[in-house]
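Numbering (UniProt numbering), first residue to last: 1 to 634.
Contents: one structure, followed by commentary.
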Amino acid sequence: MTVASKETLGFQAEVKQLLQLMIHSLYSNKEIFLRELISNASDASDKLRFEGIAHPDWYGDDPELKITVGFDKADRTLTIADNGIGMSREEVISNLGTIARSGTKEFFSKLSGDQQKDAALIGQFGVGFYSAFIIADRITVETRRAGLPATDGVRWESDGSGEFTVESIDRPQRGTLIKLHLREGEDDFLSSYKLKSIIRKYSDHISLPIQMKKEAWDEEKKEQVVTDELESINQSSALWARAKSEITPEQFDDFYKHLSHDYENPLCYSLNRVEGRSEFTQLLYVPAKAPFDLWDRNKRGGIKLYVKRVFIMDDAEQLMPMYLRFVTGVVDSVDLPLNVSREILQESRDVKAIRESSTKRVLSMLEELANSEDAAKKEKYHTFWAQFGQVLKEGIGEDQANQERILKLLRFASTHTDSTDQNVSLAEYVSRMKEGQDKIYYVTGDTFNAAKNSPHLEIFRKKGVEVLLLTDRVDEWMLSFFTEFDGKQVASVAKGGLDLGALSDEKEKQEHEETEKDFKDLLERMKTVLTDKAKDVRVTFRLTDSPACLVADENELSGNLLRMLKAAGQEAPDTKPILEINPEHPLLLKLKTNDAQFNEWTNVLFDQALLAEGGQLNDPAGFVKRINHLLLSS
């Protein structure tokens with residue numbers, strides 16, 4: 001026997017918070033604890049399969065991997081045991097006492113107090129072990145890591161209140177046994193029928209046998225009694241290895257929940273077997289809701305890699321591009337070596353083929369939803385875009401090979417719709433273009449209202465020309481790669497000189513030329529006043545109601561992008577905007593005849609234009625002072 005080495009430790013603060021949240025948020029769906037514990041046991045067996053390639057002696061005289069579920073009505077306990085990789089003392093303390101993963105702070109900041117929403121977040125965070133406290137007031141874990149001697153067994157125990165104990169024990173068996181001491185009122189889980197139904201509902205896809213002791217009728221006692229004979233409850237074959245026709249939609253959904261720890265069904269999925277130069281199976285899912293850490297680009301992808309059904313690694317990021325990091329699934333390769341590493345994955349031609357195929361498969365799933373005439377599928381794509389549209393836009397710059405396909409999947413808000421929803425495709429925009437229109441016009445803004453009310457849109461509204469409203473933070477970056485679609489150039493309404501091409505008739509063009517001549521002297525005087533603020537001052541015909549607006553030169557960064565860079569603490573080029581004035585506005589007519597207050601009016605026009613596009617004044621007090629003086633003068 002080992003000398004007892006018992007110590008009492010405190011849970012990490014985040015674990016304490018999580019335990020309280022879990023008990024209250026998941027109480028209405030208590031049975032998922034069994035799914036989570038079986039999923040953990042399955043992962044432990046997968047890890048032994050992988051590490052056992054280099055250490056076949058770790059299997060000893062127990063080579064058949066399995067999960068065993070049992071219960072004891074007298075003790076009111078439920079046990080889940082596996083003969084997988086097990087844990088060392090250090091791993092027990094780390095895995096069961098702390099949450100050592102990125103995104104923890106962000107996870108807690110997203111919690112709202114709404115039980116249903118928080119339950120989904122808890123699932124995404126992947127802390128299934130603690131869900132056992134929903135039905136148990138005390139949990140005992142006994143474990144030994146494969147490869148360590150029997151004397152290195154460990155017992156962990158806690159009532160979930162804030163502390164846990166860890167002690168050394170003798171444990172001949174490798175693997176882990178979890179014993180749940182049930183709370184009052186939870187005796188439903190001491191039923192063979194109940195446990196079997198939960199296992200078949202949630203864990204039928206687990207690729208190793210889940211066993212329970214059989215029950216038989218005892219004639220003498222006149223009741224069902226538990227025997228020593230074991231029976232397998234699940235099909236115990238990898239779901240992705242079965243024929244598609246043999247898998248029900250419910251089984252596909254349950255397997256997704258096993259992979260992702262999500263509590264909602266996926267939006268769509270695809271199972272495919274690819275043969276040719278590379279042979280592999282891919283089962284890919286698109287979630288219905290974005291995970292809390294979607295914007296963490298350091299987060300590894302959600303693809304599990306198997307080689308000939310042997311688990312190799314979680315989160316194989318080389319199998320899916322970054323802009324599809326929301327995809328969850330399994331890839332099972334026939335060609336990769338069992339000892340493949342992340343470094344080998346980066347250089348493998350087979351991995352490149354898998355990545356290209358998986359990318360195209362995901363895009364095909366999205367195209368099927370986006371292009372369908374079926375209302376339910378269209379609604380699913382609307383849901384997808386609301387959750388993941390901003391991430392998909394990253395693909396415009398990151399995936400040149402599929403850029404055209406991604407462009408067709410993009411959705412935008414526009415001046416032709418009243419809603420903030422982004423539901424206008426580029427193809428729809430092109431189909432509505434005015435006769436003579438040769439460009440796809442857009443405006444960027446910090447918010448939907450800022451973009452929709454931009455003064456740059458005035459002439460476009462007058463002529464009935466549709467303009468896309470781009471308000472996502474990723475849009476400015478995307479536009480550096482998105483220059484045309486269907487042969488139509490993409491043009492900002494707030495950059496460069498206004499050229500409406502055939503949308504302006506010859507009479508308008510002639511009138512514009514004459515007006516520019518009339519305002520030549522005024523423009524020169526305004527340039528002198530605004531030397532420190534404006535790169536140039538010129539007449540514009542893009543305005544119908546506003547007196548002035550700011551535009552960026554054709555090859556310079558937009559005002560919106562400059563503001564975003566400064567807000568993010570990044571260096572931004574020190575450029576000046578161009579002030580364009582509306583020659584027909586009463587303020588400009590007054591300016592032509594008002595020498596006494598010319599400087600004040602000129603500065604006010606510039607500052608108003610800056611505010612109208614969402615900019616910040618360098619001298620707000622000076623602006624207020626000028627306005628007050630002009631008001632008193634009038």
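Cβ coordinates follow ideal geometry from the N, Cα and C atoms, glycine included.
Residue i (DSSP reduced to helix, strand or coil)
{"i": "tryptophan 295", "result": "coil"}
{"i": "valine 526", "result": "First, the amino acid is wrong: residue 526 is methionine here, not valine. It is helical."}
{"i": "glutamine 211", "result": "strand"}
{"i": "glycine 615", "result": "coil"}
{"i": "methionine 365", "result": "helix"}
{"i": "valine 3", "result": "Confidence in valine 3 is poor, its pLDDT being 46 and thus under 50, which makes the residue's placement too unreliable to answer from."}
{"i": "asparagine 83", "result": "coil"}
{"i": "asparagine 95", "result": "helix"}
{"i": "glycine 10", "result": "strand"}
{"i": "histidine 512", "result": "helix"}
{"i": "glutamine 235", "result": "coil"}
{"i": "leucine 148", "result": "coil"}
{"i": "lysine 408", "result": "helix"}
{"i": "phenylalanine 280", "result": "strand"}
{"i": "histidine 416", "result": "coil"}
Straight-line gap, residue i to residue j (C-alpha atoms, nearest Å)
{"i": "leucine 284", "j": "glutamine 390", "result": "20 Å"}
{"i": "leucine 561", "j": "leucine 611", "result": "15 Å"}
{"i": "histidine 416", "j": "asparagine 449", "result": "14 Å"}
{"i": "serine 425", "j": "leucine 469", "result": "12 Å"}
{"i": "threonine 2", "j": "aspartate 296", "result": "Because threonine 2 carries a pLDDT of 46, less than 50, the predicted location of this residue cannot be relied on, and the following value inherits that uncertainty. If you take the alpha carbons of threonine 2 and aspartate 296, they lie about 45 Å apart."}
{"i": "leucine 78", "j": "lysine 196", "result": "13 Å"}
{"i": "threonine 531", "j": "lysine 377", "result": "56 Å"}
{"i": "arginine 242", "j": "phenylalanine 252", "result": "11 Å"}
{"i": "asparagine 339", "j": "arginine 309", "result": "13 Å"}
{"i": "glutamate 163", "j": "isoleucine 178", "result": "17 Å"}
{"i": "glycine 497", "j": "leucine 410", "result": "27 Å"}
{"i": "aspartate 499", "j": "proline 249", "result": "54 Å"}
{"i": "aspartate 218", "j": "glutamate 184", "result": "28 Å"}
{"i": "glycine 615", "j": "glutamate 458", "result": "19 Å"}
{"i": "arginine 171", "j": "glycine 60", "result": "14 Å"}
{"i": "glutamate 379", "j": "methionine 433", "result": "26 Å"}
{"i": "asparagine 265", "j": "lysine 6", "result": "43 Å"}
{"i": "arginine 76", "j": "leucine 182", "result": "6 Å"}
{"i": "lysine 244", "j": "glutamine 224", "result": "38 Å"}
{"i": "proline 583", "j": "glutamate 484", "result": "32 Å"}
{"i": "leucine 522", "j": "threonine 420", "result": "40 Å"}
Close-in-space but distant-in-sequence residues of the same chain around residue i (CB under 6 Å, 5 per side omitted)
{"i": "aspartate 472", "result": "Gln390"}
{"i": "leucine 305", "result": "Ile312, Met313, Ala316, Val331"}
{"i": "lysine 393", "result": "Val474, Met478"}
{"i": "glycine 175", "result": "Asp82, Asn83, Gly84, Gly86"}
{"i": "glycine 34", "result": "Note that residue 34 is leucine in the sequence shown here, rather than glycine. So the list reads Ile198, once near-sequence residues are dropped."}
{"i": "leucine 345", "result": "Gln318, Val351"}
{"i": "glutamate 186", "result": "Ile135"}
{"i": "alanine 238", "result": "Ser207, Arg309"}
{"i": "glutamine 282", "result": "Asn272, Val331, Ser358"}
{"i": "valine 307", "result": "Ser333, Leu336, Leu338"}
Spatially closest choice to residue i from the options, by CA coordinates
{"i": "asparagine 603", "options": "Glu613, Phe388, Leu617", "result": "Leu617"}
{"i": "aspartate 438", "options": "Lys378, Phe50, Asp486, Ala596", "result": "Asp486"}
{"i": "tyrosine 441", "options": "Glu343, Lys221, Gln489", "result": "Gln489"}
{"i": "glycine 128", "options": "Leu294, His261, Arg89, Asn555", "result": "His261"}
{"i": "asparagine 272", "options": "Ser431, Leu37, Ser364, Thr227", "result": "Ser364"}
{"i": "tryptophan 385", "options": "Leu522, Leu407, Gln400", "result": "Leu407"}
{"i": "lysine 30", "options": "Ala74, Gln400, Tyr202, Phe623", "result": "Tyr202"}
{"i": "glycine 147", "options": "Trp58, Ile169, His258", "result": "Trp58"}
Contact belief for residue i with residue j at Cβ below 8 Å, rounded distance in angstroms
{"i": "isoleucine 67", "j": "serine 42", "result": "7 Å"}
{"i": "histidine 456", "j": "asparagine 423", "result": "About 23 Å; that fails the 8 Å criterion."}
{"i": "lysine 535", "j": "lysine 576", "result": "4 Å"}
{"i": "leucine 503", "j": "lysine 463", "result": "6 Å"}
{"i": "isoleucine 139", "j": "serine 158", "result": "6 Å"}
{"i": "phenylalanine 280", "j": "valine 334", "result": "6 Å"}
{"i": "serine 480", "j": "glutamate 613", "result": "So it is not a contact: roughly 20 Å between Cβ atoms."}
{"i": "leucine 324", "j": "threonine 359", "result": "7 Å"}
{"i": "alanine 548", "j": "glutamate 580", "result": "6 Å"}
Cβ shell of residue i (< 8 Å), same chain only, five flanking positions each side left out
{"i": "serine 414", "result": "Val424, Tyr429, Glu466, Val467, Leu468, Leu469"}
{"i": "lysine 47", "result": "Gly84, Ile85, Phe311"}
{"i": "glutamine 211", "result": "Lys66, Ile67, Thr68, Val69, Leu230, Glu231, Ser232, Ile233"}
{"i": "serine 558", "result": "Thr444, Glu476, Ser492, Ala494, Lys495, Ala552"}
{"i": "glutamate 600", "result": "Arg626, His629, Leu630"}
Own chain, CB closer than 7 Å to residue i, minus 5 neighbours either side, in chain order
{"i": "glutamine 387", "result": "Lys289, Ala290"}
{"i": "isoleucine 354", "result": "Ser278, Phe280, Leu319, Val331, Ser333"}
{"i": "leucine 9", "result": "Ile93, Gly97, Glu163, Phe164, Val166"}
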